[in-house]
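Protein chains in written order, with the working numbering: chain A, 1044 to 1263; chain B, 107 to 419; chain C, 123 to 782; chain D, 59 to 535.
Here it is, written out as structure tokens:
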């Protein structure tokens, strides 16, 4: 294999480190805009990874998928977020229910866990192990974000991070799924975001805030 | 032949009943240093009452009139269970002691209803007290008989009597003693004698049996009195037959019967003396001590039943 | 499809389909009369089916499995035939009684629904006693509860009535769960709920399962039968039902429970584990004693009757328990005897208890109350009804010449026969039971002297009682059919004894009864002859009676307030058994300063023993508090919800780890 | 495809009355189309449309219940919507449009031949119904909608991961990536081909958590009571009567594959655990509910638990019971929800202590409630008795005594709860007069159909239905 091949290898293996960085930064980020930027960065990295894999495996579809991701996750969604934040006129604090240090600690634990998981299921992986670990870490972190952040926006963001993780896992373990399915999934995500936008508008209209932890009328 | 004997025994129990009463009264009088009335007095009273007219309260119903006759019928039927001088009775061999006890119950049931029908306070009072005592008295009554039935492994009266007859008088078991004790106490309670009830009182605080008869008059009253006399006599005869049958005639010979009859009279006399002594000696128990009295009886009879296990085998 | 099957199909279709259909489709008296006649014909048909199938031992009746998702078929062996006869024989008079009763009490709308449910109720009970698959049995069983509850609710819905019905439904449902359980416990061995298969599997099952089946059957059917302490619903549900319905509930529905228990304990299991008999015996003894004691203390006639149902069920189960003990000792004669006694008593109780409830109905429809302290002197005003009720009272008090005595006598004899057992335990316990049953019988006599004496005799205690009218013809006919039944069985018990013996011989192979116990069939007519003959003679001795005022201790006149009331009547017994009632007495005397000449004395005494408080509340509260704790988990906070999901996931993953 | 077109078609009408008529028309067409599909399946076993659509007996069975419920729901809502005003996304036409989108996604869940597509459609159901849940735009509605959206999306995300893992297993086992997600090929391949058992188990864990969220297994059930309580009544009926079943269908597909690969023990244990857990928790929570629709929601959870138990037991009776129960539960539950809807209209509240004596004021509605209640607690002669009877007998026959005992106990508890609440609402002295006590025709028809169905299936199972049922069971074996 040529130089490029080796380059891709390197890229593939080193990307995971960047991913970890984005995760940790997400954990400490205080402002929504920062987190959104981090997310788009993350997506950009993933795009690169997709392209790299596509190059390595000579898959035409992978390129298409990569472009899709780039368009949707790196460009469209962050834009949407900024628009939303402006429209909703909310304070830019993410309103974490955990202090940054705690978050970082938790994220670190999660990264460790993901590694452990990868090694226990090691046989399953054909891509470099640590990037699969990164994928799982993404899922867990997304989950963590959803649980710990009170802002509706941040919950959506966490959801997206999880999505990223799942997608990454899909990509790395298999060559990605059949194209139609992929597109379908993207479509779903878009629709989902649209809906969540609508609901966020409604929430801020009715409750004058976006703090979902205050939505506790229905219980029992 | 046999049937004749049975009928004779029955008649003896029925017709001799007033005499028994008279004699007991006489004994009591003597014990109380009085001359006392003639022993034939009860017969005279019966005839007097039977000739009188019958009065019923305006509010009462047919039940009031029917009660005495039904009581009389039941008592006579009970008497037909009990062998006197010959080891047989009209119903003795077929009907068992459960029937006997429950026939008494039927009589009591009808009398209580009659008493309630009178519409006065005394009737209800007598009935309610009678209800308590009789319901408690049934337990030792049946249990005592059960003990004997288990020993003799027969349930019919004559069968039990016949079995006892064949035992030697000297190896009477503890069961017999216990059973006798309980049954004797039951007889006191059932026939409304001291210390459970005072047959001669008409004070509303103490009346039990008498309270129920208060509304009755004339023939009805006669029937009731006669019935209770028969009951008393039958009970005594039952005790004798169960616990002292020795000397009873088993065969059909006339001499045997005659001697048996004489013996029976002797035994009855003894019992009557005992009864009158008790009646003169004991004071009437307070109403709420009667349950204790009967409780003792029940306990004794229960012991009797339990002891059968060891006596039997 | 022979005539018997035809008759049975007719019965089912009429009760299940036509009558309700008619009543729902068309309103109006003619339709209703048609419906009632149909019910009557159905009842007669049922009786015929029962008798003929008893004689010719037809087993399979009808198989509807082609229609239903699970096997749903009917069969009649002698046991079922006996109970089918019981149902129909009681149902016909009750129906006759009910038609004027409902006309008197209900509006048009209510009548239609009542009759529809009435026939469904009969149907459900017939289904229960003739079902030959578990599915059919359970379906009928649940239906029985529902329909009877509906019948109670038609009368009206005051809060306490609602609460009582709720208690009834809940306890019945739990009981039904237990019954279902003891059917299903057979499944691993029988692979089907067909009675035949279950019977076959019964012997082969391991001891533990047998014990479990026995216990759950005892609990399930005991709850329906009203064994103490599972009787809670009974004195609540029976009094508030319309009288004909309470007659059916008390007379028949409780017997279906007896049927179920016999079916399981004797037919399927062939006798439970060795201790089973003793358990049943003890529970039954408590039930009988406490039942009758509570009954005496009541002054509401229907509550009194309800409690006496508890007592009679106790007697029936005394018989069953004895029979189980005999079975455990392989002494088949005794077992047969006790079983015959129990079954006969169930039959008798069906008669006299429904008779008495109908009597209460007659009373309430002419005086608008069943409170004994308001009644009195009814015998003069409604003599026909009174006589019938008197028969019922004598029977239930277990007096000779009436049917109640025969069955109690058989049970007495089975206790006596217990002394022949080698096992010392049984040999002592069974004879001692004679004492218990004797006490029960004595108290029952006292109780019904009170009931009849206070309600019908003496002078009226209220204006309603003063102006009471004789019940209409239909009611009297219904009452007297039952009364005739009581006397007939009471004087000629042979009519039922022989068939019962043959039934028992089929049910428990090799069982029978000692010959001498059948002598009761010959002796009782003699006794009847002697008693009645002598009474007739004695009656001849008497001239006609003259009216004369009751002696009032010289007072100007006797008022009804001087009579004993029901409360006073039972006072001695209540104070003797005070520790059973734990009464809470209050005596208020005015004025307080002069104790000997009170202006007024107010007295009240409340029974404070409450099974509900001691046994049932704790369970319910446990569940409720548990629920409240769970409710707290549902905090409205979405983040917590997400957390739950992740926890679930994580725990499953760890489960995976360890599972590997 | 009818619904989608229908949705667009309806959006054209501004006037609610036209919209309603159009909706009924489209609904009729849709039901007919479904009927045709089912009939085809009945005739020629399986239908395969292209690579992504196929229908076998199992899907046909679920399609049937969708057709049934959606039919009566449309009829009911035609009357129900008579007092909803115009609003953004909340006018009759939007309502119907969304309803048809919702139906479309659910139908295609049952029709999709590809697990990926299945997932997409499941997510679709969430998206389509979220707006419907928030239809009323009240605080409660929005809150419920948001929770529904977020919780279900997260859950579904896990399901996606599970799907991917399964796909990975397939691919590693050497299946072509194209067919690696077809459940049919997976099912057929499963026994023979060496799918990595461990990966498959992992996949199933994720899937059961994911789709379990949609089904409403405890502890993922948290969204369900809110959504059911706040949504408009027809939607509540659709959610609990159809959506839960569809999720259950998806789970069944995986269950078949997994149990064919690694043996039934694993998946069935999980199903039993979740089933019993849901049943117990929901059954207890029923006791302490204060809102009628929340009560019904919890009872849906409990019934999903029952179905899960039936599946987990497997065996002929268990499967029969489970499948039958899905259908019966839909019928009874929609009946109950309709009743609740009427109560809300007339009494203006759903708080149980605010409702009294409706048996006097609105006899027909309360009759419906009674029938529904008796059916839902599983009493004869109603259909749920049959299915629960089947499941119980399976449990005992397999000597799962613990499960069986819990089952019986919970049934009694639930009975107590329902009886208690129903008594309080039906009896007593009526509070305020309802506006229109009598049912309008649409309500009459829909409730009548539901009640009759519940009653009829309690007495016998029609032949055609029975055949379909057994074919479906054959698929699940």
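Quick reminder that beta carbons are idealized off the backbone N, C-alpha and C, glycines included.
Boundaries (first-last residue) of the beta strand (DSSP E) holding residue i
| i | result |
| --- | --- |
| residue 725 (chain C) | 722-729 |
| residue 195 (chain C) | 195-197 |
| residue 708 (chain C) | 705-712 |
| residue 182 (chain C) | 182-185 |
| residue 683 (chain C) | No beta strand (DSSP E) holds residue 683 (chain C); DSSP gives it neither H nor E. |
| residue 162 (chain B) | 160-162 |
Under 7 Å from the C-beta of residue i: neighbouring residues of chain C
| i | result |
| --- | --- |
| residue 307 (chain D) | Simply none; closest approach about 21 Å. |
| residue 119 (chain D) | Within chain C, no residue comes near residue 119 (chain D); the closest Cβ sits about 16 Å away, beyond 7 Å. |
| residue 208 (chain D) | 760 |
For residue j and residue i, believed in contact at Cβ under 8 Å, the rounded distance
| i | j | result |
| --- | --- | --- |
| residue 1200 (chain A) | residue 1079 (chain A) | 7 Å |
| residue 336 (chain C) | residue 394 (chain C) | 4 Å |
| residue 359 (chain D) | residue 384 (chain D) | Contact doesn't hold; Cβ gap of about 14 Å is too wide. |
| residue 532 (chain C) | residue 681 (chain C) | Incorrect: roughly 47 Å between the Cβ atoms, too far for contact. |
| residue 121 (chain D) | residue 165 (chain D) | 7 Å |
Bounding residues of the alpha helix (DSSP H) (the contiguous stretch that carries residue i)
| i | result |
| --- | --- |
| residue 111 (chain D) | Premise fails: residue 111 (chain D) lies in the beta strand (DSSP E), 111-113, not in any alpha helix (DSSP H). |
| residue 175 (chain D) | 173-191 |
| residue 128 (chain C) | 125-135 |
| residue 1096 (chain A) | 1075-1100 |
Chain D contact residues for residue i, given Cβ-Cβ distances below 7 Å
| i | result |
| --- | --- |
| residue 1254 (chain A) | Here the premise fails: no neighbours, minimum Cβ distance about 12 Å. |
| residue 366 (chain C) | Result: empty, since nearest Cβ-Cβ is about 23 Å, beyond 7 Å. |
Amino acids of chain C, ordered along the chain, whose beta-carbon sits closer than 9 Å to that of residue i
| i | result |
| --- | --- |
| residue 179 (chain B) | 652, 653, 654, 655, 656, 657, 658, 659, 660 |
| residue 346 (chain D) | 746, 749, 750, 752, 753 |
Chain-ordered chain D contacts of residue i [CB-CB under 9 Å]
| i | result |
| --- | --- |
| residue 1212 (chain A) | 219, 222, 223, 226 |
Neighbour list for residue i in chain A, Cβ cutoff strictly below 7 Å
| i | result |
| --- | --- |
| residue 211 (chain D) | 1202, 1235 |
| residue 753 (chain C) | 1263 |
Partner residues on chain C for residue i, Cβ-Cβ distance less than 8 Å
| i | result |
| --- | --- |
| residue 518 (chain D) | 189, 190, 191 |
Amino acids of chain F, ordered along the chain, whose beta-carbon sits closer than 8 Å to that of residue i
| i | result |
| --- | --- |
| residue 1189 (chain A) | This model lacks chain F altogether, as its protein chains are A, B, C and D. |
Residues that residue i contacts on chain A, provided the C-beta gap is smaller than 8 Å
| i | result |
| --- | --- |
| residue 768 (chain C) | 1186, 1190 |
Residue i: CB within 6 Å of a non-hydrogen atom of the ligand SAH
| i | result |
| --- | --- |
| residue 278 (chain C) | In terms of ligand content, the structure shown is empty, and the ligand SAH therefore cannot be addressed. |
Take every Cβ of the stretch 204-216 of chain C, pair it with every Cβ of the stretch 158-165 of chain C, and state whether three or more of those distances are shorter than 8 Å. yes
Please specify which runs of the alpha helix (DSSP H), each continuous and at least 4 residues long, are wholly inside the stretch 382-465 of chain D, giving them in chain order. 416-419, 421-434, 441-455
With three or more beta-carbon pairs closer than 8 Å as the criterion, would you say the stretch 1113-1124 of chain A touches the stretch 1233-1251 of chain A? yes
Assess, as a yes-or-no matter, whether the stretch 1242-1252 of chain A is touched by the stretch 197-206 of chain D under the definition of 3 or more beta carbon pairs within less than 8 Å. yes
With three or more beta-carbon pairs closer than 8 Å as the criterion, would you say the stretch 277-287 of chain D touches the stretch 76-91 of chain D? no
Would you call the stretch 463-471 of chain D in contact with the stretch 277-284 of chain C, where contact means no fewer than 3 C-beta pairs closer than 8 Å? no
Can you give, in chain order, each stretch of the alpha helix (DSSP H) that sits fully within the stretch 313-384 of chain B and has at least 4 residues? 315-319, 324-349
Taking 8 Å as the cut-off, does the stretch 597-604 of chain C touch the stretch 492-502 of chain C (at least 3 CB pairs, one atom from each stretch)? no
Would you check if there are 3 or more beta carbon pairs closer than 8 Å linking the stretch 580-599 of chain C to the stretch 607-614 of chain C? no
If contact is defined by three or more beta carbon pairs under 8 Å, each pair taking one atom from either stretch, is the stretch 1202-1210 of chain A in contact with the stretch 210-226 of chain D? yes
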